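Visitor: I have a structure I would like to understand better, so I am pasting it below and will then ask my questions one at a time.
2 protein chains.
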Amino acid sequence: MTTLPVSDAELLRLDHQVCFSLHAASRAFGNVYRDALKELGLTYPQYLVMLVLWEHGPEPVKSIGERLRLDSGTLSPLLKRLETAGLVHRERSPEDERSVIIRLTGAGEELRERALPVPRRMMAATGLTVDELRTLRSLLGRVTGALDEA
Amino acid sequence: MTTLPVSDAELLRLDHQVCFSLHAASRAFGNVYRDALKELGLTYPQYLVMLVLWEHGPEPVKSIGERLRLDSGTLSPLLKRLETAGLVHRERSPEDERSVIIRLTGAGEELRERALPVPRRMMAATGLTVDELRTLRSLLGRVTGALDEA
DNA sequence: CGCAAGTTAGTTGTGCACAACTCAATTGAC
DNA sequence: GTCAATTGAGTTGTGCACAACTAACTTGCG
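For the record, the sequence lines run as chains S and D. Residue 90 in UniProt numbering sits at position 90 of the first sequence; the count goes up by one each step and never skips. Residue 15 in UniProt numbering sits at position 15 of the second sequence; the count goes up by one each step and never skips.
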């Protein structure tokens, strides 16, 4: 892979553009998800938590936070809202009283069916091919990994 | 570019990974920027506004919002904080009294020098090559464009 | 001219994200 | 066994993002 020489100024501009593009794309996704999830009564971060529970079953707050890279300051109020909405149930772990297990209610389980068509709509909205989505996912994963080092 | 057939299930999973990767990468960038900008007393969105002003000079709130794709509900309090920090000055436009012009103060201009090394640090932290950064920027730009349609 | 429609900032309310902190439960060093 | 350090959840405070709304101003149509 050969590359023409790149000036310092261009490098800096490129960096700005990448950071900004990432920021903008993330918000653009949020806006489209807002519509797609409106009828389910979920926000995107709430949807992410539900995905974890649908896939893995009951989990302590800690595990959910590790999977989504979110801390308790974000998850605690979010989970409280999901509980108020009747989608999850919170109970102290018998083995370790510090730990709180999050478990889907019947309504939470049932919501899964209505959420099934969402990913397809989102994917179509990106306008990318499968190969491009793969490339994008791969680059983003490497960036996140590298940034997490620092 | 040939692509093997992809099952529905795989498509849906891939989509989740892309959206989540984007979300995670955006937050990872935010965390690294938080450190890089701490000594300047700026958050990343505040830094974006300063970049616009450093590059284009005095601008009405509307123009800044268009460049950064942010609405007045986000910008008004953010600009008020920059004003409190002594970095910008806000004045009504003489021609159009509805419009508010944002102008850098002396301190705001001077901050530019101290902000110069930031992009290089960020770029190094991504761990990507120039070609990869270009690819990433291009894909993100297309995604954002497509999502803004919907 | 005079008023309806559109534009521009700002306000309010909700929710996410994270730092810094508290508190209770657990673990480990001694 | 006791107590200090660690761990897990939650709270508080700050700031971003956006929807829905208001207020002030401008423009253009009659």
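C-beta atoms are modelled at their ideal positions from N, C-alpha and C, and glycine is treated no differently. In this text, all values refer to a predicted model and were calculated from it rather than measured experimentally.
(1) Judging by CA-CA distance, which residue of S:115, S:130, S:135, S:149 is the nearest neighbour of residue 43 of chain S?
(2) Compare the C-beta of residue 143 of chain D with all C-beta atoms of chain S and state if any pair is closer than 7 Å.
(3) Who are the near neighbours of residue 75 of chain D in its chain, counting only those whose CB is closer than 6 Å to its CB and skipping five residues on each side?
(4) I want to see whether chain D comes within less than 7 Å of residue 127 of chain S, judged by CB atoms only; does it?
(5) What residue from D:142, D:140, D:125 has the CA that sits closest to residue 31 of chain D's CA?
(6) Measuring only the C-alpha atoms, how far is residue 133 of chain D from residue 86 of chain S?
(7) Quick check on residue 91 of chain D: does DSSP put it in helix, strand or coil?
(8) Using the beta-carbon of each residue, which ones in chain S are nearer than 7 Å to residue 148 of chain D?
(9) If the cut is a Cβ gap below 8 Å, which residues of chain S does residue 17 of chain D touch?
(10) With C-beta atoms as the reference, is residue 112 of chain D less than 7 Å away from residue 100 of chain D?
(11) Tell me which same chain residues have a C-beta within less than 7 Å of the C-beta of residue 54 of chain D, skipping the five on either side of it?
(12) Indicate the three-state DSSP secondary structure (helix, strand or coil) for residue 59 of chain D in the structure shown.
(13) Should residue 16 of chain D go down as buried or exposed, given a rule of 16 or more other Cβ atoms within 10 Å for buried?
(14) Taking its Cβ as the centre, do 16 or more other Cβ atoms sit within 10 Å of residue 72 of chain D, making it buried, or is it exposed?
(15) Would residue 22 of chain D pass as an interface residue toward chain S - the criterion being a Cβ-Cβ separation below 7 Å?
(16) Buried or exposed for residue 119 of chain D, please, with buried defined as at least 16 other CB atoms from any protein chain shown within 10 angstroms of its CB.
(17) Take residue 82 of chain D as the anchor and find which of D:51, D:95, D:94 has the nearest alpha-carbon.
(18) With 7 Å set as the bound, which would you pick, yes or no: does the beta-carbon of residue 37 of chain D sit closer than that to a beta-carbon of chain S?
(19) Determine the direct distance from the alpha carbon of residue 47 of chain S to that of residue 98 of chain S, and round the result to whole angstroms.
(20) Can you check whether the C-beta of residue 50 of chain S is within less than 7 Å of a C-beta belonging to chain D?
(21) Return the chain-ordered ranges of every beta strand (DSSP E) run that is complete within the UniProt domain "HTH marR-type" (15–145) of chain D and spans a minimum of 3 residues.
(22) When you compare each of D:105, D:104, D:68 to residue 21 of chain S by their alpha carbons, which one comes out closest?
(23) What's the call for residue 144 of chain D, buried or exposed, on a 16-neighbour Cβ count within 10 Å?
(24) Does the beta carbon of residue 115 of chain S sit closer than 7 Å to a beta carbon anywhere in chain D?
(25) Establish whether the CB of residue 119 of chain D and some CB of chain S are separated by less than 7 Å.
(26) Can you check which of these residues, D:29, D:58, D:150, is closest to residue 149 of chain S by C-alpha distance?
(27) Measuring straight from C-alpha to C-alpha, what distance separates residue 136 of chain S and residue 136 of chain D?
Guide: Short version:
(1) Residue numbering aside, residue 43 of chain S sits at position 43 when the first sequence is read from its first letter. The shortest Cα separation from residue 43 of chain S among S:115, S:130, S:135, S:149 belongs to S:115.
(2) As a position in the second sequence, residue 143 of chain D is number 143, starting the count at 1. Under the 7 Å criterion on CB atoms, residue 143 of chain D is classed as interfacial with respect to chain S.
(3) Numbered from 1 along the second sequence, position 75 holds the residue referred to as residue 75 of chain D. Counting only Cβ-Cβ distances below 6 Å, and skipping sequence neighbours, we find 61, 65.
(4) Start at 1 with the first residue of the first sequence, and residue 127 of chain S comes out as number 127. Yes, residue 127 of chain S counts as interfacial toward chain D.
(5) Numbered from 1 along the second sequence, position 31 holds the residue referred to as residue 31 of chain D. Here the closest residue by C-alpha is D:125.
(6) Translated into positions along the second sequence, residue 133 of chain D becomes position 133. Translated into positions along the first sequence, residue 86 of chain S becomes position 86. Roughly 43 Å between the two C-alpha positions.
(7) For the purposes of this step, residue 91 of chain D is taken as residue 91 along the second sequence, with counting starting at 1. Looking at residue 91 of chain D - three-state DSSP - the assignment turns out to be strand.
(8) Counted from its first residue, the second sequence places residue 148 of chain D at position 148. Near residue 148 of chain D (Cβ distances below 7 Å), the residues of chain S are 28.
(9) Against the second sequence, residue 17 of chain D aligns to sequence position 17. Going along chain S in sequence order, the residues near residue 17 of chain D (Cβ under 8 Å) are 137.
(10) Counted from its first residue, the second sequence places residue 112 of chain D at position 112. Counted from its first residue, the second sequence places residue 100 of chain D at position 100. Going by beta carbons, residue 112 of chain D and residue 100 of chain D fall outside the 7 Å limit.
(11) Counting from one through the second sequence, the residue named residue 54 of chain D turns up at place 54. Closer than 7 Å at Cβ, skipping near neighbours: 112.
(12) As a position in the second sequence, residue 59 of chain D is number 59, starting the count at 1. The DSSP-derived three-state label of residue 59 of chain D is strand.
(13) Residue numbering aside, residue 16 of chain D sits at position 16 when the second sequence is read from its first letter. Residue 16 of chain D is buried by the Cβ-count criterion.
(14) Along the second sequence, read from residue 1 onward, the residue named residue 72 of chain D stands at position 72. For residue 72 of chain D, the number of other beta carbons within 10 angstroms of its own is below 16, and it is reported as exposed.
(15) Along the second sequence, one-based indexing puts residue 22 of chain D at 22. For residue 22 of chain D, the nearest beta carbon of chain S is closer than 7 Å to its own beta carbon.
(16) Here residue 119 of chain D refers to the residue found at position 119 of the second sequence. Looking at its Cβ environment, which holds 16 or more other Cβ atoms inside 10 Å, residue 119 of chain D is buried.
(17) As a first step, residue 82 of chain D must be located in the second sequence, where it is residue number 82. Closest by alpha carbon: D:51.
(18) Position 37 of the second sequence holds residue 37 of chain D. For residue 37 of chain D, the answer is no, since every Cβ of chain S falls outside 7 Å of its Cβ.
(19) Reading the first sequence from its first residue, position 98 is the one you call residue 98 of chain S. Reading the first sequence from its first residue, position 47 is the one you call residue 47 of chain S. Those two C-alpha atoms are separated by around 25 Å.
(20) Taking the first residue of the first sequence as position 1, residue 50 of chain S is located at position 50. Residue 50 of chain S does not count as touching chain D.
(21) If we require 3 residues or more, the beta strand (DSSP E) runs fully inside the UniProt domain "HTH marR-type" (15–145) of chain D come out as 88–92, 100–104.
(22) Within the first sequence, residue 21 of chain S is the residue found at index 21, counting from 1. Ranking the options by Cα distance to residue 21 of chain S, first place goes to D:68.
(23) In the second sequence, counting from the first residue as 1, residue 144 of chain D sits at position 144. Buried, by the Cβ-count rule.
(24) On the first sequence, residue 115 of chain S is found 115 positions in, with the first residue counted as 1. Chain D contact via Cβ: absent.
(25) Taking the first residue of the second sequence as 1, we reach residue 119 of chain D at position 119. Yes, residue 119 of chain D lies at the interface with chain S (some Cβ there is under 7 Å from its Cβ).
(26) Looking up residue 149 of chain S in the first sequence gives position 149. Checking every option, the nearest Cα to that of residue 149 of chain S belongs to D:29.
(27) Taking the first sequence and counting its residues from 1, the one referred to as residue 136 of chain S is at position 136. Taking the second sequence and counting its residues from 1, the one referred to as residue 136 of chain D is at position 136. Between residue 136 of chain S and residue 136 of chain D, the alpha-carbon positions lie close to 7 Å from each other.
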